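In our numbering, the protein residues as written are 2 to 305.
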Amino acid sequence: MSKVDFRYRRFGYVALNVSDIGRSTAFATEVFGLDDAGTGPGGEKFFRCTPHHHDIVLCPSDRAAFVRSGWELETEEDVDKAHLHFERIGLAPKWVASEEAGTLGLERAFRIREPLTGTCYEYFARMSYLSVPLTRNVTSFYGQGHFGLMVPNTRELADYMVKNMGFRVSDYLEGWPVALLRAFPNPNHHSFAPLQSPSGKVLFHHVAFMVNTIDDIGKLFNRIKKHDVKIQFGIGRHPTSGSIHLYVYDPDYFVWEYTLGMEQFPEIGSREPRRMSAAPENFDLWGAVPDREFAGRNPPALLA
Numbered sequence: 002m003s004k005v006d007f008r009y010r011r012f013g014y015v016a017l018n019v020s021d022i023g024r025s026t027a028f029a030t031e032v033f034g035l036d037d038a039g040t041g042p043g044g045e046k047f048f049r050c051t052p053h054h055h056d057i058v059l060c061p062s063d064r065a066a067f068v069r070s071g072w073e074l075e076t077e078e079d080v081d082k083a084h085l086h087f088e089r090i091g092l093a094p095k096w097v098a099s100e101e102a103g104t105l106g107l108e109r110a111f112r113i114r115e116p117l118t119g120t121c122y123e124y125f126a127r128m129s130y131l132s133v134p135l136t137r138n139v140t141s142f143y144g145q146g147h148f149g150l151m152v153p154n155t156r157e158l159a160d161y162m163v164k165n166m167g168f169r170v171s172d173y174l175e176g177w178p179v180a181l182l183r184a185f186p187n188p189n190h191h192s193f194a195p196l197q198s199p200s201g202k203v204l205f206h207h208v209a210f211m212v213n214t215i216d217d218i219g220k221l222f223n224r225i226k227k228h229d230v231k232i233q234f235g236i237g238r239h240p241t242s243g244s245i246h247l248y249v250y251d252p253d254y255f256v257w258e259y260t261l262g263m264e265q266f267p268e269i270g271s272r273e274p275r276r277m278s279a280a281p282e283n284f285d286l287w288g289a290v291p292d293r294e295f296a297g298r299n300p301p302a303l304l305a
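Now the structure itself:
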């Protein structure tokens, strides 16, 4: 069981490097349905589907790559507790410079490197709340959902995050090719999904946004045809979280997901994690099969 004394509110966002910011902006807005929330001093683009300052950041770069994930804790006191905790276990947390934090709509934040994969986690407690209504109405978003990485050892990483980072296992597939972790006490079935990497490399797997209706998924399914966007997985239904899903590729071969209807966990009295069958016939309740090209083509996580 976890030894941390801080509490998560939600998974906040991911930052991704993209090779063509204009092309990725068109995908995020015209295909995926996010609002353009402005441009930062380095040319980074912010997008949102909630009243928060942003729900994803896309940064112009020569190479497409995962940069970091951002996590909102419940209080400023939790931020201090988390900073002290990570100092104690030797992860050397570093405060984000006030100018950069302000650009991100944050009062203050710090970052660590999770040591097994080297990926960057950012922690904060308050992100600016925007009263200006969203302008794009093609999708009824519930909010930001979760993200996934392909990692060298799924079980080892899951054990580390439970013990040292305040996560709990909701379900896992037999043999641990997939683990589904929630950021306690956030009720969503999972906030992070590590998956076994066939190559042994750390690869970005997907980022998911929660929607309110099946119509949102159906409309995306038809919208991607107009924009010649390829499906990675779906439409299907996960036997773990129970959510209906559709995963699609963006211009850099990153995978973005719409997800609907995820199981919710109570803070007290939640069920034990299940050892789910890894047999192909049990992988998806609707018989959906992932695109087999995915594992070999997705860009690696940015570790520097």
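Note that CB positions come from ideal geometry on N, CA and C, so glycine has one too. These numbers come from a predicted model, not from an experiment.
Residue closest to residue i, alpha-carbon to alpha-carbon, out of the options
| i | options | result |
| --- | --- | --- |
| residue 234 | 256, 216, 227 and 267 | 256 |
| residue 60 | 71, 51, 41 and 72 | 41 |
| residue 174 | 224, 22, 19 and 281 | 281 |
| residue 262 | 200, 51 and 210 | 210 |
| residue 115 | 134, 206, 108 and 152 | 152 |
| residue 189 | 222, 146 and 217 | 146 |
| residue 150 | 198, 169 and 186 | 198 |
| residue 201 | 34, 154, 264 and 135 | 154 |
| residue 111 | 92, 117 and 129 | 92 |
| residue 242 | 131, 183 and 204 | 183 |
| residue 229 | 246, 137, 294 and 250 | 250 |
Cβ shell of residue i (< 6 Å), same chain only, five flanking positions each side left out
| i | result |
| --- | --- |
| residue 156 | 177 |
| residue 304 | For residue 304, the predicted structure reports a pLDDT of 49, less than 50, and the residue's modelled location is therefore unreliable. A value from the coordinates is still provided. Taken in chain order, the residues that qualify are 119. |
| residue 69 | 16, 121 and 123 |
| residue 87 | 94 and 113 |
| residue 24 | 252 |
| residue 20 | 65 and 253 |
| residue 227 | none |
Residues of its chain near residue i, where Cβ-Cβ distance is below 7 Å and the 5 sequence neighbours each way are ignored
| i | result |
| --- | --- |
| residue 289 | 234, 235, 236 and 237 |
| residue 7 | 74, 79, 82, 83, 86 and 167 |
| residue 274 | 170, 171, 172 and 173 |
Presumed contact (8 Å Cβ cut-off) between residue i and residue j, rounded CB distance
| i | j | result |
| --- | --- | --- |
| residue 196 | residue 179 | 5 Å |
| residue 103 | residue 54 | Between residue 54 and residue 103 the Cβ distance is about 10 Å, and since that is not below 8 Å, they are no contact. |
| residue 192 | residue 67 | Residue 192 to residue 67, Cβ: 16 Å. No contact. |
| residue 139 | residue 220 | 7 Å |
| residue 127 | residue 101 | Contact doesn't hold; Cβ gap of about 15 Å is too wide. |
Continuous beta strand (DSSP E) stretch holding residue i: start and end
| i | result |
| --- | --- |
| residue 205 | 204-212 |
| residue 18 | 9-19 |
| residue 113 | 110-114 |
| residue 36 | 36-40 |
| residue 46 | 46-49 |
Extent of the continuous alpha helix (DSSP H) run through residue i
| i | result |
| --- | --- |
| residue 226 | 215-227 |
| residue 147 | First-last for residue 147: 142-152, but that is the beta strand (DSSP E), not the alpha helix (DSSP H). |
Contacting residues, own chain, Cβ-Cβ under 8 Å from residue i (five flanking each side not counted)
| i | result |
| --- | --- |
| residue 272 | 266 |
| residue 213 | 141, 142, 143 and 261 |
| residue 39 | 46 and 47 |
Contact test: residue i Cβ vs the ligand NAP heavy atom, cutoff 7 Å
| i | result |
| --- | --- |
| residue 63 | Absent from the structure shown: the ligand NAP. Ligands present: none. |
Residue-chain proximity (residue i, chain B), Cβ-Cβ < 8 Å
| i | result |
| --- | --- |
| residue 201 | Included in the structure is just one protein chain, with no chain B present. |
Check whether the segment 30-47 touches the segment 76-85, taking contact to mean three or more Cβ pairs, one atom from each stretch, closer than 8 Å.
no
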